[in-house]
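Input: a single structure, listed below in structure tokens.
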Amino acid sequence: MERLGKHQECFNLLNIMATKTKAAGSKSLNGTDDSIIVKGARVHNLKDVTVAFPRNKLIVVTGVSGSGKSSLTIDTLFAEGQRRYAESLSAYARQFMARMVKPDVDYIKGLCPAIAIEQKVITRTPRSTVGSMTEIYDYLRLLYARVGKTISPISGQEVKKDDVADVLAAITRLKAGSKVVILVPFKQHAKRDLREELNILMQKGFTRIYMRQADGKESQLLRIEELLELNDKQLKTQLSAQAMVLIDRVVTKAFDQDDLHRLSDSIGTAFYEGEGNIYLEVDGENLHHFSNQFELDGMQFEEPVPNLFSFNNPFGACPTCEGFSQVLGIDADLVIPDRRLSVYEGAVAPWKGEKLGWWKEQFIKGAAQFNFPVHKPIAELSAAQYEQLWNGHGKVYGIHDFFKEVEQNLYKVQYRVLLSRYRGRTICPDCKGYRLRKEALYIKVGNHHIGELCTWQVRDLKTWFNALTLSAHDQQVAKRILLEIHQRLQTLIDVGLGYLTLSRLANSLSGGESQRIQLTRSLGSNLTNSLYILDEPSIGLHSRDTERLIAVLKSLRNLGNTVVVVEHDEMMMREADHIIDMGPLASHLGGEVVAAGNYAELVANPRSLTGKYLSGEYKIEPPKSVRKWQRYIRVEEASQNNLKHITVDFPLNLLCVVSGVSGSGKTTLVKQVLYPALQKLKGEFADKVGMHKMISGDVDAIAQIELVDQNPIGKSSRSNPVTYIKAYDHIRDLYARQPLSKMRGFQAKHFSFNVDGGRCDTCKGEGEQVVEMQFLADVHLTCESCGGKRFKEEVLEVQYKGKSVYDVLDMSVDDAIIFFSEEKAIRQAIQPLQDVGLGYVKLGQSSDTLSGGEAQRVKLASFLGKGKGIGHVLFIFDEPTTGLHFHDIKKLLASFHALIEQGHSLIVIEHNTDVIRSADWVIDLGPEAGDAGGQLVYTGPPAGLKKVGESHTGRFLMS
4 MERLGKHQEC FNLLNIMATK TKAAGSKSLN GTDDSIIVKG ARVHNLKDVT
54 VAFPRNKLIV VTGVSGSGKS SLTIDTLFAE GQRRYAESLS AYARQFMARM
104 VKPDVDYIKG LCPAIAIEQK VITRTPRSTV GSMTEIYDYL RLLYARVGKT
154 ISPISGQEVK KDDVADVLAA ITRLKAGSKV VILVPFKQHA KRDLREELNI
204 LMQKGFTRIY MRQADGKESQ LLRIEELLEL NDKQLKTQLS AQAMVLIDRV
254 VTKAFDQDDL HRLSDSIGTA FYEGEGNIYL EVDGENLHHF SNQFELDGMQ
304 FEEPVPNLFS FNNPFGACPT CEGFSQVLGI DADLVIPDRR LSVYEGAVAP
354 WKGEKLGWWK EQFIKGAAQF NFPVHKPIAE LSAAQYEQLW NGHGKVYGIH
404 DFFKEVEQNL YKVQYRVLLS RYRGRTICPD CKGYRLRKEA LYIKVGNHHI
454 GELCTWQVRD LKTWFNALTL SAHDQQVAKR ILLEIHQRLQ TLIDVGLGYL
504 TLSRLANSLS GGESQRIQLT RSLGSNLTNS LYILDEPSIG LHSRDTERLI
554 AVLKSLRNLG NTVVVVEHDE MMMREADHII DMGPLASHLG GEVVAAGNYA
604 ELVANPRSLT GKYLSGEYKI EPPKSVRKWQ RYIRVEEASQ NNLKHITVDF
654 PLNLLCVVSG VSGSGKTTLV KQVLYPALQK LKGEFADKVG MHKMISGDVD
704 AIAQIELVDQ NPIGKSSRSN PVTYIKAYDH IRDLYARQPL SKMRGFQAKH
754 FSFNVDGGRC DTCKGEGEQV VEMQFLADVH LTCESCGGKR FKEEVLEVQY
804 KGKSVYDVLD MSVDDAIIFF SEEKAIRQAI QPLQDVGLGY VKLGQSSDTL
854 SGGEAQRVKL ASFLGKGKGI GHVLFIFDEP TTGLHFHDIK KLLASFHALI
904 EQGHSLIVIE HNTDVIRSAD WVIDLGPEAG DAGGQLVYTG PPAGLKKVGE
954 SHTGRFLMS
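First residue of the sequence shown: 4, per our numbering; consecutive thereafter.
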């Protein structure tokens, strides 16, 4: 298709801004005159696809993995929307955009502004929080900067900064006939004597010094000229500490405009001469102080500005922890590992032994002096009592005193070892974990500072904002800000995240929570007449939470938007207005629109593989019997985050599924307690282990522990599936054995894009070059030297069965298995990729283009390929069905059973009901999320879960 002409390009650009665009022409595939029409799409594996997306509808695009869903929605529909947006940018930006590859499509009619919410790895920096990710914290900063009241920590009074208008208002409020004297303190500046100071005042036009008597005597009014006639000693005696400079005098009345102007000038002069401080004496008695300095009680305060409340800005961040909320110090969890014990029972871990036990004995003996309950469990102590345990009381030494003595003896090796045992990341002692400098915490709205608001659960914060009362002026100032805060808080609650706090770290969230926060950030703006494209928004969601998500998407549609969702979830399909089923299979066997219509039409279509699963013609049959188990690993008294001191048995040599609503504690139990605890028991490096009593059971039966999560398979852009599963080594060896390679002296390294030799020198084997854009995402451009083929021309001339090494890397896994049918080692190495449902993925596809679910299945394939030679491995999978169609889940379960048959054990965090039904053992947490979760609702075979009334999982298993 030739590039569109200038007139057509202008027409397309106008389409972006149009609020209602009529797409003339095609009505194929249930399209209407008011549809977005995609004509002749050929991106990736799409086979000249023509399809209509009805406007203002909730549309689900489904199909097996690799069938072309993302190619149609993200790489065609959204990419064209972005390209048209780029046309409206400056000439500087367009010079880069012109080199971007235009989607291979004949035309798209009726396209409106497009927003895509893709599957991307959420930031894991310790600075990222729920508040910053959802932008709620940005609005809170603005709110506190605009209407926050600074409260003095000494007197509890509001700190105010007076101006001319405030003083003028105070004077005009006095009763008529009141005598008002405007005064400023008389100050002797450095390197000036009194006589010089008086002369300067006269030069400025001031004539009188006012001597206010503190003992109740009548005040004196002294002329500066007369004072200058005195000798130095008399002058020093005459000018006492109460000396003030008279700026102006006035008798209150009904002031006219000229009087007000004169008063304003006098007050302004007084502020300048008094260096921010002026006094009004009324009727010779009352003295009123005004200051345009932001200070009170002898303290200087910071004026509220948004950056003062930013922990990512040096101006607002706590100087001790630099805004991280934690510092390296004495870890309270290590010092007191079991909070159920009392001091008498040995709760303080370092206070043990013949020598160090003295600290415990002296504390117990002295506890009676301040009524400390030595027999009460640490968990039940009040905040004041807990502080006493750490800080001591009088001559009774506490835990901090103990560690001070340890630090004084660090020249002894045993003390260095002792200190290292109890050091870790702990709450910052200065900011108390609020991340901000103390000046920011003096500023309050509704009697609470911004740090306190961030520690509340979102649902409680929403209730507080609903009840918040502000003055009429502040309400007007904050009206728009409060609207945005309310909207975003409500969206968080609507998607089931009301139990989170704004200070919750991003790296402590589960996969489902991260995805919904990304949704909240994108959907909170409530745009209209736009095209939203969402890539599997239900991943990581329990069926109960998916219902809430659907309600949010419908409300977005009801605003007048077109919502396109790439999805496999049956519940989402049932609620959709329109469904487009891609297929019939993956890779070169897909790329077609198999069916389009509503749910009933999809089920009735005989060509639709999705429809066959929805109708029940095809099923994922659970095993006829569950495996029995003897060996297990027990986690005792887990209490990390919201876990309620639960004891859980994880059976070995079978498929164990951990289920429950999002936020019920699954990730905490498995990834923060079980996994790091087992790593430490095996002598491996591990992250901080979550709170629990102990790990028991058959730990020795496990040779190693593998966490198969959705993080990328490699940090380098050159990382890809075929190198990750170690199959590329065999391919390089094969090409090195070819006759032309031997003639030219090529070795296996010449066919590697990771080392110099055969790779392109320009792009270093990347196949593309990156242009960094300061205002947009980086632009990836095909390398002009090698044309994106990664290798030098002489290396590409070496062929096997008419294919170069680049051609092999560009093959799908399915194609490669057929191509290498005669090469047993290569075929066996890449077979696991097909077994886990990744037959459509290209061998050389860059790892950063793989979704989280695809990356996870590549890792699974690498273990399947290793077989039994790695010992008994405990695999932990986090949401492995992410991005999988029913047909692919069937393949995944077969891979799971293959691992178990090899003698391994599987623990799977999962919401998918088909996986739960196929499990041998289910551990269900809940019943709700956050504080209302963290309990063991059920443990046993899947069949028994249906009978548990309080289990949300059981309710959906029955359907």
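Using N, Cα and C, we set each Cβ at its ideal position, and we do this for glycine too.
If you check the CB distance, Y843 and S590 come in under 8 Å. Residue pairing by DSSP places G427 opposite G332 in a beta bridge.
A straight line joining the alpha-carbon of W393 with that of I402 spans about 5 Å. Around the beta carbon of K862, a 10 Å sphere encloses 16 or more other beta carbons of the protein chains shown; the residue is thus reported as buried. The shortest C-alpha to C-alpha distance from S546 to any of L556, M574 and K557 is the one to M574. Your pair F297 and Q303 checks out as a contact, with CB atoms roughly 7 Å apart and the cut at 8 Å. In this structure, the straight-line span from the alpha carbon of N202 to that of V285 is close to 28 Å. Looking only at V839, K752, I716 and F889, the smallest Cα-Cα distance to S850 is reached by I716. Only buried fits M136, as 16 or more other CB atoms lie within 10 angstroms of its CB. R176 and G427 have their C-alpha atoms spaced approximately 60 Å apart. Judged by DSSP in its simplified three-state form, T785 adopts strand.
Counting of Cβ neighbours within 10 angstroms places F274 among the buried residues, the total reaching 16 or more. Taken through DSSP and simplified to helix, strand or coil, K752 comes out as helix. For H452, the beta-bridge partners assigned by DSSP are K447. According to the DSSP assignment, V480 belongs to the alpha helix (DSSP H) that extends over A475 to D497.
Around the beta carbon of A475, fewer than 16 other beta carbons lie within 10 angstroms, which makes this residue exposed.
Residues W354 of the same chain have their beta carbon placed closer than 8 Å to that of G360, with the five preceding and five following residues left out of the count.
Taking 8 Å as the upper bound for CB-CB distance, V911 and V660 are in contact here, some 5 Å apart.
Under the 10 Å beta carbon count, G301 is surrounded by fewer than 16 other beta carbons and is classified as exposed. With contacts defined as CB atoms closer than 8 Å, A832 and H733 qualify as a contacting pair. In the displayed model, Y843 falls within coil according to three-state DSSP, outside both helix and strand. Looking at the DSSP output, F653 bridges to I636. By the criterion of at least three beta-carbon pairs nearer than 8 Å, the segment 881-893 is not in contact with the segment 813-831. Among the bridge pairs identified by DSSP, C659 is matched with I910 and W924.
Judged by pairs of C-beta atoms under 8 Å, the segment 429-438 touches the segment 309-323, as three or more such pairs exist. In the structure shown, H955 falls within a helical segment according to DSSP collapsed to helix, strand and coil. Setting aside the 5 residues that flank it on each side, L384 is surrounded in the same chain by P376 and L392, each with a C-beta closer than 8 Å to its C-beta; the list follows chain order. Within the DSSP bridge table, the entry for R762 names F794 as partners. In the structure shown, N561 adopts helical secondary structure according to DSSP, grouped into three states. Between the C-alpha atoms of A706 and S921 there is a straight-line separation of about 26 Å. Counting the other Cβ atoms within 10 Å of the Cβ of S243 gives fewer than 16, which makes it exposed. By the neighbour-count criterion, in which a residue is buried when 16 or more other Cβ atoms sit within 10 angstroms of its Cβ, S158 is exposed. In this structure, the beta-carbon distance from G693 to T671 falls below 8 Å. In this structure, the CA atom of I649 is about 20 Å from the CA atom of L337.
By the neighbour-count definition (other C-beta atoms within 10 Å, threshold 16), G593 is a buried residue. For the options N48, R45, T53 and L49, the alpha carbon positioned closest to that of A599 is the one of T53.
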